Amino acid sequence: MTEKNLIRKATKDDIRQIVDIHLAALPDDLLPKLGKSYLQNTFYAQIIQSDLAFILVNVENDTVNAFCVFALNGGALSSLLTKNKKKLLIPLLRGVLKNVSLLPELAAHLKGFRTELTSAKQIDFESIPELYLIAAEPLSQGRGIGSDLIGEGLKILFRNQSACLVKTSSDKARKFYQKNGFELRGVEYRGKRTMYLLVIEAETLL
């Protein structure tokens, strides 16, 4: 990491850049389809103000080019973000009108998920801390920034926690997380979509 490149906790002043990165890096995910306004004024505004999570940003030449969100309790953060149904309903309706392919995924969320574990070790996937989201602007990908963000985030998280979960449906992302020390512990079926459940424990970093 050079002197012009640093990782720090995000502030509300970083939200605009974080949203732009999210939209550019993950255009096919559900959240970008809910709109820039929702991400900027509701989703990230809630996370920044919450004590249930923290956001780290990578700053290079005074510009944020990557970020990650760590939830101290993945289930609790998800409940917080979906608590205000009115704020969520309008973006959902707009998203569905623009892209009807959202319907199966929304139906799967309403129906609930089925989980199959590959390890005998019991993990409470509802309360375990979670690497909730990570993204880098396209031109900054492949430079190790994501690994640096994960490493710094885990250092903070493991001061008081013993494990961290990450979920992904991408084989490429799964390999990336495994390269960074996460182990496959199960799968979560969301309708036709399969999410890999990967866990890293604090003792791995000792």
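Residues 138 to 343 in our numbering are what the sequence shown spells out, letter by letter. Quick reminder that beta carbons are idealized off the backbone N, C-alpha and C, glycines included. Keep in mind that this is a model prediction, so the values were computed, not measured.
Minimum Cβ-Cβ distance from residue i to chain C less than 8 angstroms
i	result
GLN183	You won't find chain C in this structure, because it holds only one protein chain.
CA-to-CA distance, residue j to residue i, given in whole angstroms
i	j	result
LEU302	GLN154	26 angstroms
THR200	SER299	32 angstroms
GLU320	ALA339	12 angstroms
LEU270	PHE207	7 angstroms
ASN195	PHE262	28 angstroms
ARG327	SER307	14 angstroms
LYS149	GLU197	18 angstroms
ASN202	GLY279	12 angstroms
GLY281	LEU217	31 angstroms
MET138	SER284	Because MET138 sits at a pLDDT of 47, beneath the cut-off of 50, its placement in the model cannot be relied upon, and the following sentence gives the value as read from the coordinates. Distance between the alpha carbons of MET138 and SER284 is about 12 angstroms.
LEU291	ILE152	22 angstroms
HIS159	SER174	13 angstroms
ASN297	LYS316	24 angstroms
ILE265	PHE295	12 angstroms
LYS146	SER187	13 angstroms
ASN178	ASP165	20 angstroms
SER277	LEU209	27 angstroms
Of the residues the options, the one placed nearest residue i, counting alpha carbons only
i	options	result
ALA273	GLU267, PHE262 and LEU286	LEU286
LYS309	SER187, TYR333, LYS146 and SER264	TYR333
Beta-carbon gap between residue i and residue j smaller than 8 angstroms
i	j	result
GLU289	GLY211	no
GLY318	ILE337	yes
ARG322	THR255	yes
ALA161	PRO275	yes
VAL156	LEU176	yes
ALA185	PHE204	Note on residue identity: the sequence assigns Ile, not Ala, to residue 185. No.
LYS304	GLU325	yes
LEU214	LEU189	yes
LEU335	TYR314	yes
PHE180	LEU168	yes
DSSP three-state assignment for residue i, whether helix, strand or coil
i	result
ILE265	coil
ILE260	coil
MET138	Below a pLDDT of 50, predicted positions are generally treated as unreliable, and MET138, at 47, falls in that range; the measurement from the model is reported next regardless. Correct three-state label for MET138: coil.
Near the ligand HEM: residue i beta-carbon under 7 angstroms from a heavy atom
i	result
SER216	For the structure depicted, the ligand HEM is absent and the ligand set is empty, with no information on it obtainable.
Practice problem: Taking only runs that begin and end inside the segment 288 to 343, name each unbroken alpha helix (DSSP H) of 4 or more residues, in chain order. | Solution: 308 to 316
Quiz item: Which parts of the segment 147 to 223 are runs of the beta strand (DSSP E), unbroken and 3 residues or longer, counting only runs that do not cross its ends?
Solution: 190 to 197 and 200 to 208
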